[in-house]
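Step one of this worksheet: look at the structure below.
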Amino acid sequence: RWLVKKFNPLAVRMALMQLLREDIIRCYPPLNERAKGLVSQAEHSIIVAEKPIITTKLD
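Given below as structure tokens:
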């Protein structure tokens with residue numbers, strides 16, 4: 045949703061589909077918690093700016 049605020053929604057969708065096809069990103073279903081709420085999980089978070097690219101979490 046952050047991307048579509050800055051870029052054309054169709055272009056964002058096409059770019060994400062290409063990343064999925066090239067196995068650069070993966071799609072996972074939402075996680076459910078015991079109380080039936082939704083949770084999210086990210087293995088790595090990155091901030092992509094002009095320069096530098098900042099990784100906010102490493103293994």
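Per my numbering, the very first residue in the sequence shown carries number 45; after that it's consecutive. Note that beta-carbon positions come from the ideal geometry of N, C-alpha and C, so glycine has one too. Since we're looking at a predicted model, the values are computed, not measured.
Is the Cβ-Cβ distance between residue 63 and residue 56 less than 8 Å? Along the sequence shown, one-based indexing puts residue 63 at 19. Along the sequence shown, one-based indexing puts residue 56 at 12. Going by C-beta atoms, residue 63 is not nearer than 8 Å to residue 56.
Give me the residue from 49, 75, 61 with the minimum Cα distance to residue 69. Taking the sequence shown and counting its residues from 1, the one referred to as residue 69 is at position 25. Per the Cα distances, 61.
Using a Cβ-Cβ cut-off of 7 Å (strictly less than) and excluding sequence neighbours within five positions of residue 74, which residues of its own chain qualify? Within the sequence shown, residue 74 is the residue found at index 30, counting from 1. 82, listed in sequence order.
Sequence-distant residues of the same chain with beta carbon closer than 6 Å to residue 53, five excluded per side: For this step, residue 53 is matched to residue 9 along the sequence shown. Excluding residues within five positions, none has a Cβ falling inside 6 Å.
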